[in-house]
Amino acid sequence: MSTDLEELYARYGPMVLRRCRSLLRNEERAMEACQDVFVQVVRRRSKLNMDHPGAFLHKIATNVCLNHLRSRRRHPETQDNDLVMRIATAPTTENQALASALLDRLFAREKESTRTIAVLHLVDGMTLEEVADEVGLSVSGVRKRLRTLRAHLRELEGV
Amino acid sequence: MSHVDPTDRTLELYALGELPPDQLTATRRAIEADPDVRARLEALEASNAAILDRYPPDWFARTVRAKADVQTAPNRAPWWVIAPVLAMAATGLWFVPSAPEGTVLPETQDMIREKGDPRVIVYRKGSSDPVRRGDEAQAGDQLQLSVLANGAAWGAVLSLDGRGTVTFHLPERGTAAAQLEAGTVPLPRSYELDDAPDFERFFFVTSDAPFDAAGVASALEALSRSGDPVHGTPALAEGLAVHTVYVEKVGVAKVSP
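Protein sequence lines correspond, in order, to chains P and D. Our numbering puts the first residue of the first sequence at 101, with every later residue one more than the last. Our numbering puts the first residue of the second sequence at 3, with every later residue one more than the last.
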């Protein structure tokens, strides 16, 4: 896979931007988040997952958008995407790492954050089995992660 | 034969040719069987073309490289110089920031293009994201203010808090408006929020001619006595323009109705 930035963007940029649009519901912020995704790629190109860059960039985009939402907290435009905002700001038992540390985890292929797992299941509509396959956990492991958010997200009742 | 409706993510990876083999068969079946799924796939392809047309690869790559260069420049400039560069690169504005003498700035692009009105940009210490109107803040937060003149020649920065106190941030001394430089310029000193309740609102007042900002302070004091100090417009002298950003104070007892 070419690491030339223009080619990388031409191939994956539209997918990343669509992902950011769906989570942030604002064109300006979605483009800003899309740029941040590729900034991470430029910074960490030696650690980029070359096997399945599409899925990897999709995950990075999710994390970047969740970080953006958390940093913005309440803002009128985000009311339309209340579920994603509630996921982004819901407390978890995980360390409240800074944005760059969370992305470091992705590039180091450590476990997905609980919030990202919640987005995959509740927003993207992936089944627990699909989420488990995607993030490398067992189904029970995914359920366990989601239970930490259950008190704050009624959508997780029954998980 | 029934099929499972593929998620957006699945279709994206299918369109990229990167769908895992175990999902490929089911997705192909859905595409063949369901015209709505085919329409979604066609919409993706149309969207690709539209996005690349609106945000061309050369522009995007240039923007990203500028942001990445700034973020990776080691100890070249304090956070309050880097942060405005990130913000401006993200918005597509390009500039050459000024900095105290001796500060080594990362080599940025030679594309100098400013657009828009004068504006004040507020950063919370430790964050590269500018504060947006209505963001929360609390006593003790350290803020760094920067101004982008966008062609204005003279300017002053004042703030108004929930107690009605007006504070000068620019000029540092006296009330005569400062001569503005091109580009985004951070103010010399950071500002620590006190325990004033409700809000802190920052005003960047600009003009093409010198002016005495004492009149601006009076207008802000009058605004604090009006019904809407957070969203209201101060009554400024003719020829003065204003851009404002405010933070909502949390953790302090509210006193306003």
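Idealized CB from N, CA, C, for every residue including glycine. Every value quoted in this text rests on a predicted model; they were computed, and no experiment measured them.
- At a beta-carbon threshold of 8 Å, the residues of chain D lying near P:Val142 are Val66, Arg67 and Ala70, ordered along the chain.
- With a contact defined as Cβ atoms closer than 8 Å, D:Thr9 and P:Met226 qualify at about 6 Å.
- Unbroken beta strand (DSSP E) stretches of 3 residues or longer found wholly inside the stretch 174-259 of chain D: 186-188, 201-209 and 243-251, given in chain order.
- Rounded to the nearest whole angstrom, the CA to CA distance from D:Val247 to D:Pro59 is 33 Å.
- Sequence-distant partners of D:Arg191 (beyond 5 residues in either direction) whose C-beta falls short of 6 Å from its own C-beta are missing from its chain.
- Any Cβ of chain D closer than 9 Å to the Cβ of P:Ser213 would place that residue at the interface, and such an atom is absent.
- Between the stretch 137-151 of chain D and the stretch 162-169 of chain D there are fewer than three inter-stretch CB-CB distances shorter than 8 Å, so the stretches are not counted as touching.
- Residue-level contact check: D:Ala32 does not touch chain P, since none of the beta carbons of chain P fall below 9 Å from its beta carbon.
- As the crow flies, the alpha-carbon of D:His171 is around 14 Å from that of D:Leu222.
- Between P:Val235 and chain D, the shortest Cβ-Cβ separation is not below 9 Å.
- Per DSSP, the unbroken beta strand (DSSP E) holding D:Ser148 starts and ends at Gln144 to Leu150.
- Sequence-distant partners of D:Arg227 (beyond 5 residues in either direction) whose C-beta falls short of 8 Å from its own C-beta, in its chain, are Gly166.
- In the DSSP assignment, P:Ser122 falls within the unbroken alpha helix (DSSP H) covering Leu105 to Leu124.
- By the criterion of at least three beta-carbon pairs nearer than 8 Å, the stretch 192-208 of chain D is in contact with the stretch 235-254 of chain D.
- Listed along the chain, the chain P residues whose CB falls inside 9 Å of the CB of D:Leu54 are Tyr109, Ala110, Gly113 and Pro114.
- With a 10 Å radius around the Cβ and a threshold of 16 neighbouring Cβ atoms, D:Trp156 comes out buried.
- At a cut-off of 9 Å between beta-carbon atoms, D:Leu150 makes no contact with chain P.
- In terms of Cβ geometry, D:Val244 and D:Val207 form a close pair [threshold 9 Å].
- Residues Leu166, Arg215, Ala218, Val219, Leu222, Val223, Leu249 and Leu253 of the same chain have their beta carbon placed closer than 8 Å to that of P:Ile187, with the five preceding and five following residues left out of the count.
- Going by C-alpha positions, P:Pro114 is about 31 Å away from D:Asn152.
- Membership of P:Val235 in the alpha helix (DSSP H) is indicated by the continuous run Leu228 to Val235.
- A distance below 9 Å separates the beta carbons of D:Ala141 and D:Leu195.
- When 9 Å is used as the limit between beta carbons, D:Asp10 is near these residues of chain P: Arg118, Arg119, Ser122, Asp224 and Gly225, in chain order.
- Scanning chain D for C-beta atoms nearer than 8 Å to the C-beta of P:Met185 yields nothing, as the closest lies near 14 Å away.
- Nearest Cα to P:Arg170 within the set D:Ile123, D:Asp137 and D:Gln25: D:Asp137.
- Burial state of D:Arg56 is exposed, judged by a 10 Å Cβ sphere holding fewer than 16 other Cβ atoms.
- The bridge partners DSSP lists for D:Glu47 come to none.
- Around the beta carbon of P:Ala130, a 10 Å sphere encloses 16 or more other beta carbons of the protein chains shown; the residue is thus reported as buried.
- P:Arg243 and D:Ala48 have their C-alpha atoms spaced approximately 37 Å apart.
- Taking 9 Å as the cut-off between beta carbons, none of the residues of the stretch 194-226 of chain D comes near chain P.
- When the beta-carbon positions are compared, D:Thr177 and D:Asp119 stay at least 9 Å from each other.
- Counting of Cβ neighbours within 10 angstroms places D:Ala216 among the exposed residues, the total staying below 16.
- Taking all protein chains shown into account, D:Ala179 has 16 or more neighbouring C-beta atoms within 10 Å of its C-beta and is therefore buried.
- Below the 8 Å Cβ cutoff, chain P contributes Gly113, Leu117 and Met131 as neighbours of D:Tyr57, in chain order.
- For D:Phe205, the CB contacts under 6 Å within the same chain, skipping 5 residues up- and downstream, are Leu160, Val244 and Thr246 in chain order.
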